[in-house]
Structure formats: structure tokens, C-alpha cells
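Here is the structure we will look at, set down as C-alpha cells.
Protein chains in written order, with our numbering: chain A, 880 to 1301; chain B, 880 to 1301.
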């Protein structure tokens, strides 16, 4: 039984016909390794921007259904061109859009979730020795409506197809060399990780590392599909393998350090210490689609019988949050201010290995103390410890933690892009 | 029961977002007339050229299947954008590609024929009051392969959809104002015809008038769908209605005059006068996909018992024809030369009214004689008389015939483009 490898190439990797020729070579190399190959591609480079611009020319608020019809054409172009490029090099290839395969999704436009992938057409074509090229990012509903999957869509398509085909592995080709112990723009000698668990990858992604959308990692975890993040341009580099923690060979307390500079802290002061108050606040925010991250409720003050509820949100939701809380204030009988602070950052250490190792948290707190960095809030999960600090301290915190937990490489990472703002 | 009007807009009419807004207005105007409206559109302006160029970058001979996948994305873009533009003006619209509707074709890539069109989705959406926007030029096979219809494809899609829906009429919007009595670049006071029969339109098209591809006219004739050719830019002008001869109100011997400058004449000299020789020649040419137009076989010469076979072909097929005949010469025992003349033109008069009117042919021959134009070959059908003349005489012949048969307008037609070469 031949192994199936699913490969995914993003828009940058197929931005022009020369790049498509290179992708064809990478695909064929995997085929020459004796594997069956299924390739998932996004729309070419700036196609989506161009299509969105035309839509906005025609309508200030184009319908989701027609946006999906419009955007799904982008992958139609790239799959056909890639199949041609593979054929031109003497290999049999066939392209399919989501409708042809039956990548069934919910009937929700612009951000549908995949429900089921039909595999009969895929298996039949693999059996015939063909390389299959599939349109990422798109799906179809039971009654033939075209949908798209929203952010991280093509990665998710690739992982879901790998799961449906019980593939050996899903390789996500990208413009970085893999997953790093921290942002190499902040710490130039950050190490590339050879392996990382799904859980660690999820915590790192949520903590501000942007290599993969959490959604695709969650899908991989759920279906136990090994994922490899690797460079489109440096083929020899095997990148980072993301897999179940039970299959990992590496044993280290901390896998990575991340900073999220886009959070804001809200404190609702002097709310009555009685049941249901927190529920009212957070369900009102949820109704407005505002994601809340760290939450701390102070001990109740004895005299006033009130307490403070503090939490963090994405800065982009700040206005909406304040508006929601203002409306709510009377209802929850809150007497104090609503305090806002967007000069904060969340610094996190992530590692599956910390579960059995006491002392990781105290090492973190000590390190920050030595750096004279004040901790404003703390939250922990099984494999992550996050500290809220002043935004201006964030990079210094990351550097110190990265060093303390022994994550440095002897090499300087080759990365582009500016340092994130503090 | 509301009437259904099918409208078709070509690539020039939807070349940019401003033009798409104009098309939306035209569509809405028809809806405001109280009709149900189904719109068929082609890919935007130069999209197809751009896609073909990328394909050629990747492969000297891209597979038909992948070309169809690639090109079919073009209409996906234009249908979504047109639906958005209609919605932005406050009308309910929904776009569908061929796969969603079920425009079923043969399993032949790049030039499939439509076999059947499913109408349930169309009827359901019309019933819901929606304007339906459909991708022209494309189809789908029984097993979900995407096909395209080749030349004249979008016109044919529109006519076939009109037939399937039993539509009142199919309006083909184009950059000319209608069908003219002759090429207005040759005869500036050519008249726009208000009505013309399918048969006349077909003969005119085959005789070199390029308003509609014969394929779409044939489909309209077969299904008795009234077709209107009209201008995208001059909405008040009703253009030309193409319909069954039995429904026509107008009574005139000649509807139009056309010249085909792209023919070449071949004479195979001294072939034996025995049964089966002509069959051998023309079946050999048919096997090579060479269309033969006029055919004349001379009377057999008494002494040698041979005759000459003359016929015309498209100049583009000249080399292929000569090669085929050279191979055949020995087999048919032909002793003479193969003469070639590509300095000829076919001038035709077309009119359903000539059936009951003797003297039309003699008027034509007399007119050409008065002009001192030599007739090299003659062929006739029920509603057409064609004369082969020297290419340099073609425009003069058209002008004289146009005048003799009373086809002149008092107005000078507003047309663009160069005069066809003689």
C-alpha cells in the first residue's frame, strides 16, 4: 500500500507561472519518492485582493453568497495551471474544485466549516497513478451552494483532506522554515523546532505565533494527522513536524516563548459579589462576538461586598467592549469605573513537558523579577503560563525567558520583516 | 404567467465594473417591464486571453480538460460581480455556474455540445422573484467534468437556456446595432434589418456576416426561440429580431448581401469520369476536417472520358487540402494538374422571399455583367445565390447588388473597424 502525502501551497508559492513551475517540481519530487501525492493550493498571490476590490467597486456590502462565488474562482485558476505544469513535466495530473470532489460544508458563507469530504473520486484517481490537485479554501453545501472557509481556510482544507484519506502526513509549504522557539525578529538566535505537539502549537498560535491558523492545527489534532511546516524555497530543510504529544521523541519543559502585543486589559470595578454577575458580563461580550482571553476576579472586599473583574481582549474589540459594558453597567449594579489599558502585552511560555515538572512557573516569575518586569495578571493552562506585562517590557521579557529555558540556537535565523511594535 | 426573457452579454459588455453596472441597469429595466429575467454572461473582456497566456507559459500543449477548468473560472468572476451589481441596485439576484444548474454536455473538452439543461433550480429561483445570472460558454458532463462549448459558446448557452425555459425571447446584446443588409464598412448606407428568418441569418453567417455564430442560430431555429440582436449601448434601438420564416411580417426577395473573402478555389483536372471519384475526394477531405463549400463538376470530355472537379475551401485549409489531394491523386487516377486560386471571393444574396420569385438569380447575374465582373462559379440553395468572383471585384459586386435589390437606407450606419481586405 502506497503512502499518501498531502501538500499545501499558499498564494505566495503560486504567485506567477515561474513559481508554479517550482511547485510542480516539489510535487513531482514527492511522487518520485514513491508516494501518492495530493496537492492543495490557494489562489495566486494577489488574486483575492483584486477580486475583492472589484466587488467593493460594485457594492459597499456584497452578499456573502456572491463573494464566495467570486473568490472561489481564484483557486480554479491555480489548480488548473498547476496541473498543466505537472503534465508538462511528464506526469499525469488532474485538478478538482471543491464541488467536483464533494468537500461538504455548513451552509454559511465566507466562513463555513467542513462537515465531510467524499473520497471516492480521490481514491479512484490516486489508484490510476495520478497526482491530484485540489482547490483549497472552498467547499460546497448539500444543495450545491459554493462556500469558502474563511481565515486559515486552505491549511484547513489540506488537513481535512489528509484526514479523510488517512494520509501519512500533511506538508504545509510556506515562506518560513518552520516553527521557531520564539519570534526570530525579537530573538535572532531563536531555534527552529524539529518537533512540536499539536497542543503546544495551538497555545503558541493563540499566544501570537502566526505560522499556522489554530483552526488547521485543531483539525490535525482531532484527526491525528501529522503536519509538517516547511519552506517552499529551501527543500532540504525538513521544517517542523507537528504531531501528537504521545508520539514525540523530544523531551523539554518549554517549547517556545511568545508575546501577544495586540491585547488590551479591562477592569470592571466594584461589581456586587453575588452569583451570575460574571456570567452576565461574559455572555453579553460573547453575544457581540468579542473573544475574552485572561480573566481574573479579585477576592471580594468585606466592607462593600464588591469585587473587581479584570480580563483581556483583542485591542481591535476595545470600542465595542466598552460600549457593551456601558449598556450593562446598570443591569449588573456596578458602581465603579471601567478601567482600560492597552499598553500591555501577554508573554507566554508553552511546553507539554511542563506538566510533570514543577518549578517552571516559578522560574518564569523569577526571571521576570530579575529583569524588574512587573507582572499584572497571570493565567495558566496545563501546558502554558501567560503573564500580562507592560507592553514596553514585552521584548525584554521574551529574550530573558528564551535564554533561561535554553531555547537558543547557535545559528542566527534568516528572517524578514520588521520587529513587531511595542 | 410571467414571460421569461433571456439576455446575453458578451465579454466587451462586462469588461470592467462600470460596464457591469450598466449591464445591471439593462437587466433591471427588463425586470421592471414585468418579465422574469435570466442573464447569461461571458468572461470579462481580456480575461480569457490572460488565462490562455499563462497556460502557454506552462505548457506548449495544455490538456483540454485543464484548459476548460482554467477558462471556466472567467465566467465565475463575471456572474458573481453582475449579481452583486444588481443587488446593489436593490433587486434580488443569484448567480450560478454550469455545474450548479446542470448544463449537461458531451464529454468533449474545449468544444462540447449541450445535451440537456436542468431547469428545476432555475424555475424555483424565478418563482422566488430572483434575477438569475448564469455563466455562459461552460457546461458539465454527467460525471462532473467541466467542459467549455468553444466558439460562439455563450450565445449558444443563452439560446439553449431560453429553449429549456420556453422563454419568450433571447436577447443577444452586442457592440453592433443589429443585423445589416450587408457589411456597413463596405456599403455605408446598408440598412439595419428589423426582422430576418433563421434560415436567412444562417446563410448570411455562413456567407461571411459575423454578428452571431451559426451554431447559436441553429439552436434557436431548432427550438423555435425568437432571437434579438441588439446594442448594449443604444437601448432604444430594438435591433434585429430573428425568427421563424412563418412568423415574419416582412416580404422582400433579398434580405442581405454578403461577401466571403477567405475562400480559395481548387480544381482537380482530368479525373476519370466514373462513379465514386468525387466521393473519394470529398470523403478524404472530410476525414481531414476540411469543409468544402461550392462544388462544380464539369461535363465529361468525350475524347478523354475525363472531367474537372472544382470546389472552394477556407484559405486556412489550403496547404492541408493540397497535401491530401497529392496523396489521393494516384488512387483516383487523376492525370491533370491541381489548380489553386486564392484570389477569389464568394458574393451571395440571401432571402427567403426569393423562393416564390423567379428572376432574382438573373437580376444578380445581369447586375454583375453590367459591372463587367466575371462569374467563375455559381451555387444556389433555396434562399441563397452565391457567385465566385475575383477578389478585387468583391466590394464592387456587393455595392451594386445591394443597390439593385433596394436594400439601401437613408441613414449612414455608425460602424467601426477597417474595411475587410480584398
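The beta carbon of each residue, even a glycine, is placed where N, CA and C say it ideally should be.
Secondary structure of residue 1151 (chain A) (DSSP, three-state): strand. In this structure residue 1106 (chain B) is in contact with residue 1049 (chain B), their Cβ atoms being roughly 5 Å apart against a cut-off of 8 Å. Where residue 952 (chain B) is concerned, there is no enclosing beta strand (DSSP E), although the alpha helix (DSSP H) around it starts and stops at 943-967. Look at residue 1172 (chain B) here: in three-state DSSP terms it is strand.
Positions of the beta strand (DSSP E) runs, each at least 3 residues long and wholly inside the region 1020-1062 of chain A, are given as 1025-1027 and 1048-1053 in order along the chain.
Among the bridge pairs identified by DSSP, residue 1114 (chain B) is matched with none.
The beta carbon of residue 1039 (chain A) sits closer than 7 Å to those of 993, 996 and 1098, all from its chain and outside the five residues before and after it, given in chain order. In the structure shown, residue 1018 (chain B) falls within a strand segment according to DSSP collapsed to helix, strand and coil.
Not flagged as an interface residue toward chain A: residue 1174 (chain B), since no C-beta distance is shorter than 8 Å. Ranked by how close their Cα comes to the Cα of residue 1146 (chain B), the residues B:1217, B:950, B:1153 and B:1197 have B:1217 in first place. Interface with chain B (8 Å Cβ-Cβ cutoff): residue 1096 (chain A) is excluded. Around the C-beta of residue 1274 (chain B), 16 or more other C-beta atoms lie within 10 Å, and the residue is accordingly described as buried.
Looking at the backbone, the Cα of residue 1213 (chain A) and that of residue 1188 (chain A) are separated by about 11 Å.
For the region 918-941 of chain A, the beta-carbon criterion of a distance under 8 Å to any beta-carbon of chain B is satisfied by 930, 933, 934, 936, 937, 938, 939 and 941. Taking a contact to require three or more Cβ pairs closer than 8 Å, the region 880-892 of chain B and the region 1276-1287 of chain A do not qualify as touching. What residue 916 (chain A) touches in chain B, judged by beta-carbon distance under 8 Å, is nothing: the nearest beta carbon there is about 17 Å away. Take the alpha-carbon of residue 1029 (chain B) and the one of residue 1091 (chain A): they are about 42 Å apart.
The DSSP-derived three-state label of residue 987 (chain B) is coil.
Its chain contains 1067 and 1068 as the residues whose beta carbon lies nearer than 7 Å to that of residue 1291 (chain A), once the 5 sequence neighbours on both sides are disregarded; these appear in chain order. Rounded to the nearest whole angstrom, the CA to CA distance from residue 1027 (chain B) to residue 1205 (chain B) is 36 Å. When the five nearest sequence neighbours on each side are left out, the beta carbons in the same chain lying within less than 7 Å of the beta carbon of residue 1124 (chain B) are those of 1076, 1078 and 1231, in order along the chain.
Along the region 1182-1201 of chain B, there is no position whose C-beta sits under 9 Å from a C-beta of chain A. When C-alpha distances from residue 1010 (chain A) are compared across A:1018, A:961, A:1035 and A:1021, the shortest belongs to A:961. A direct Cα-Cα distance of roughly 29 Å separates residue 1172 (chain B) from residue 1287 (chain B). For residue 982 (chain A) against residue 1033 (chain A), the beta-carbon gap comes to about 12 Å, at or over 8 Å, which does not count as contact.
Between residue 937 (chain A) and residue 952 (chain B), the C-beta spacing is not below 8 Å. Note that the C-beta distance between residue 1083 (chain A) and residue 1135 (chain A) is below 8 Å. Runs of the beta strand (DSSP E) spanning 3 or more residues and lying entirely within the region 1219-1278 of chain B occur at 1223-1229, 1256-1260 and 1263-1269, in chain order. The Cβ of residue 1136 (chain A) sits no closer than 8 Å to any Cβ of chain B. At least one C-beta of chain B is nearer than 8 Å to the C-beta of residue 955 (chain A).
Judged by DSSP in its simplified three-state form, residue 1183 (chain A) adopts coil rather than helix or strand. Put simply, the region 1234-1250 of chain B touches the region 1258-1275 of chain B. At least three CB pairs are less than 8 Å apart. For residue 1096 (chain B), the enclosing alpha helix (DSSP H) has its first and last residue at 1093-1102.
Proximity of the region 1040-1060 of chain B to the region 1108-1118 of chain B meets the contact definition, three or more beta-carbon pairs being nearer than 8 Å. Here residue 1196 (chain A) is not bridged, per DSSP, to any residue. At least 8 Å separates the CB of residue 1032 (chain B) from every CB of chain A.
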